[in-house]
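Input: a single structure, listed below in structure tokens.
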Amino acid sequence: VTATLRSIRVSGELTVHSAAEHWTALLLALGEADGIELDLSEVTELDTAGLQVLLLVKRECAQLGKALRLIAPAQAVLEVLTIAHLDPELEHIADSRSDHLPGTDLERGTP
Amino acid sequence: MTFEDEMNAALGTFVLEATELLSEMETGLLALEQDVADEESINSVFRAAHTVKGSAGLFGLEHIVRFTHVVESVLDRLRGREIPVSADLIGILLPCKDHIGILIDAVALDPLAAATSPMTAQQAESGSALLAWLEPFLHDQPGDPAAGDQTAGEGPAVPGKMHLSLRFGAESLRNGMDPLSFVRYLSTLGEVVDLTTVADLLPEPEQMDPECCYLAFEVTLSTQATVETVEDVFDFVREDSDIRVLTARSSPADYADLVASFGPQAQGIGEILVRTGAISAADLREGIRGRGLADGQEGGAVPIQRSGDAAGSATGSGLGSPASNAPGDGTGDGGLNSGPEPAAGSAGTATANVEVAASTPLRRAGDRGAGEAQTIRVDAGRLDRLVDAVGELVIAGAGAGLRASLIGDEALQTALDEVMRLVEEVRDGALQLRMVPIGTTFSRFQRIVRDVSAALGKDVELIISGGDTEVDKALVEQISDPLTHLVRNALDHGIELADVRLAAGKPARGTLRLNAFHDSGSIVIEVQDDGGGLDPDRVLAKAIERGLVESTAVLSEKDIHNLIFEPGFSTAAQVSDLSGRGVGMDVVKRNVAALRGTIDVESRPGKGTTLRIRLPLTLAIIDGFLVGVGGATFVIPLDRVVECVELPVRSQRRDCMDLRGEVLPFVRLRSLFSVEGEAQRRENVVVVEYAGTKTGLVVDTLKGEFQTVIKPLGALFGHVQGVGGSTILGNGDVALIIDVPMLVRHVST
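Here is the structure:
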């Protein structure tokens, strides 16, 4: 079986106004592919609704053993991640004072 | 509605509310100036500043947030009794409040500019000047006794570190509240040392509602702010959310409660609490044990017991717990890779929220919310349209009534009577909607009196009474300028300097009274000072000098007093020579007259002066009394009508009659308005009263009561005296409305 990786680009706002739409697309992709490559470079705005969609996708990927890669998060995304103390792989950052946002090095291996 | 429109509408509400809050703040500050120990005022001032800052933050008005934040910090110290209330401080806080008002007004004028260039150079400059003034109050001064007390006493100690547990209501996102913006805002209060985004409450994918809020945040905040300040941040969402603010002083039971409220996720939360140092593992376990015993809930205690252990090992605190329970790869993972029952977890938390809401001390906001729901903001334009429509309804109803009475169908008549009764009720209700207490206008004068008297070097106390007297909103707005004028005049020319007062045997502190009351269909507003009063001789001399009266004229004292309302009586240059007043009194009089009101003055030398404004309660509809003269119909405002009598035969050739022993002067409407036709053999007199003077109006026929919608006369008739407006009768005829005050004056002069 060849692993398929689906590329999805989220552009515009990833907020409560569009979260449902993006969530449906991601859920669909999750069912069909072995992994998702999520291009966040064109996200203009991210709010709690958007963040929880990302977190849920991540959790699902982890549970189903699928790959999730977040590509080039835009400034709007990075800002929210900083506030939420999450690194660009959506992992918790323990200490706010350690400024380790590794830029665009975002690859996350398959579990 | 586009998003921008919605934002603009919301911004409009913000501006309105902020303006109200600022005036509350001003009221509070002024009250504090009178009574430095007034806790309630300190709190209300603080709350106002705080809420303005919070709402400004929601709109991203960073410049307002930054400035208000400093003001709020000072107020917070005031509230914590770290610094005393002083005249100096209030003298700085008042202009600070004004500055916030200016910034908000600028936002209201141009919301878009607020984003790009929020402040003019001048605003920025005055802002920093004010901040520099505030600076000393932000820190303890050496030798400041209050600061010493603070460290020694029990007072509300400044908690350094707080643990915040934020679970926002499921509907928060849909309601436009983004939890992240609250979290973002927390960093303005202090440093967010640690934050864990708790994703455990996210449901299974198929149950996911992307517009529902599932995320929770556990925050460690290091701040100088009080718990209350931090709690207040969440005022807007508190009702549906579970927000807890815990400090080192909170009891272990509170922490245990928090942990338990997370249900199946309790373990993860326990770990977070211990890891961030909010509470030690031992204390937490202690708290949980106590809680478990108290509740008798074996099930609740068991998973939590584990949590303590797990946390203990994760932090390596050496409690001797088996390390196997702890997640292998450190701290955060528990949050994201959590157990298999998240859906159940979210349900469990929902129930927990309900019971917790009842037991947390954060219900204040809910109570306040209920209070707010009792009033709604209505666009004044809509209200005007309603009143207009009701006015037309009254006219149409009166028309139908006239027709019905012609037909003589009794059942129809009865039905119409009922309709008219209801229409009247609706009319009264609609007019009632426009009524506002005049107190809000009055209280603005506290500040004016304070500032003006300080500038003049006088000590003046403002006493307000009758503030709950209700009056039409349109009137309130239009009377405010003339009133300001009168108040300034009273301060400037009425009340004397302290030494003059003492020499005259009066208390050094002057008194200015603002009073309002209802009086037979009018509202009366009095501005009363206890100053020197008008000097009739000087007023008369001035009037003669100005050519207003002949030097030989013999005038009563009242006439002399009224000279101050004459145009050209005084100009600014001469005012200070005069012991009375005079600046633009003619303008005040004109403004009042435009509102169909009158103004008169009462003054006693050495004792003071009272200016009395009399205004109709509303501008739109009056109950009228219809009278006929020849072919014409006139309306006399019913509230002016005292009685109707037949004109005695022997008075027919005179201008006055005997009314039960009183002399009643009268005017013949026929000759006054040049109505054609001969007088009837029997004429009637309608006795009207205004400001204590009775006058008769001679008419042909009395036609009874009629609800009248006042239509203003066109500019063409603006100069016509004795007519206050017109109305349309049910049969389509036009009737003129008699201006009783004007007629009464016409007769008495």
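Residue numbers (the working numbering), protein chains in the order written: chain A, 1 to 111; chain B, 112 to 860. Where is the CB? At the ideal position from N, CA and C, for every residue including glycine.
Against V80 (chain A), the close residues of chain B are L291, in the order they occur along the chain (beta-carbon pairs closer than 8 Å).
For L384 (chain B), not one C-beta of chain A is nearer than 7 Å to its own C-beta. Close to chain A, meaning a Cβ-Cβ distance shorter than 7 Å, are the following residues of the segment 305-324 of chain B: D305, L306, T307, T308, A310, L313, P316, M319, P321, E322, C324. DSSP places R192 (chain B) in the coil class of the three-state scheme, outside both helix and strand. By the neighbour-count definition (other C-beta atoms within 10 Å, threshold 16), I821 (chain B) is a buried residue.
Annotation: A389 (chain B) to I354 (chain B) spans about 16 Å, alpha carbon to alpha carbon.
In the structure shown, G621 (chain B) adopts extended strand secondary structure according to DSSP, grouped into three states.
Within 9 Å of the CB of R723 (chain B), no CB atom of chain A is found; the nearest one sits about 58 Å away. For the pair L172 (chain B) and V348 (chain B), the Cα-to-Cα distance works out to about 20 Å. Of all alpha-carbon atoms in B:V786, B:A790, B:D750, the one lying nearest the alpha-carbon of R764 (chain B) is that of B:A790. Look at E32 (chain A): its C-beta is not under 7 Å from any C-beta on chain B. Considering only B:V330, B:D311, B:E315, the residue with the shortest C-alpha distance to L291 (chain B) is B:V330. The C-beta of A160 (chain B) has 16 or more other C-beta atoms within 10 Å across all chains shown, which makes the residue buried.
Taking CB atoms only, L326 (chain B) has a neighbour in chain A less than 7 Å away. For the options B:S667, B:S662, B:D670, B:V699, the alpha carbon positioned closest to that of P678 (chain B) is the one of B:V699. Across the structure, V80 (chain A) and E183 (chain B) are spaced so that their CA atoms are roughly 27 Å apart. DSSP places T4 (chain A) outside both helix and strand once states are collapsed to three, so it counts as coil. If you ignore the 5 residues before and after A29 (chain A), its C-beta comes within less than 8 Å of the C-beta of R6, I8, I36, all in its own chain and listed in chain order. Secondary structure at S237 (chain B): helix, using DSSP grouped into helix, strand and coil. In the three-state DSSP reduction, M118 (chain B) falls in the helix class (H, G or I). Assignment of N673 (chain B) by DSSP, reduced to helix, strand and coil, places it in the helix class.
Interface annotation, T44 (chain A): not in contact with chain B, CB-CB separation never under 7 Å. Taking a C-beta distance under 7 Å as the contact criterion, T551 (chain B) and D640 (chain B) do not qualify as a contact pair. A residue is called buried once 16 or more other Cβ atoms fall within 10 Å of its Cβ, and L395 (chain B) is buried on that count. Following the DSSP letters along the chain, one finds Q639 (chain B) inside the beta strand (DSSP E) bounded by residues 633-640. When the five nearest sequence neighbours on each side are left out, the beta carbons in the same chain lying within less than 7 Å of the beta carbon of D850 (chain B) are those of G833, V834, G835, in order along the chain. The C-beta of H830 (chain B) has fewer than 16 other C-beta atoms within 10 Å across all chains shown, which makes the residue exposed. Relative to the Cα of S41 (chain A), the nearest Cα in the group A:L68, A:G50, A:P73 belongs to A:P73. I549 (chain B) and L623 (chain B) have their alpha carbons spaced roughly 17 Å apart.
Taking all protein chains in view, the Cβ of I848 (chain B) is crowded by 16 or more other Cβ atoms within 10 Å, so the residue is classified as buried.
Between L775 (chain B) and L808 (chain B), the CB-CB gap reaches or exceeds 7 Å.
About 20 Å separates the beta carbons of C755 (chain B) and L840 (chain B), which is beyond the 8 Å limit, so they are not a contact pair. Among the residues facing chain A, R360 (chain B) is not included, as its CB has no counterpart in that chain under 7 Å away. In the three-state reduction of the DSSP assignment, F817 (chain B) falls in the strand class, which pools E and B. Around the CB of T4 (chain A), fewer than 16 other CB atoms lie within 10 Å, so the residue is classed as exposed.
According to the DSSP assignment, S554 (chain B) belongs to the alpha helix (DSSP H) that extends over 550-567.
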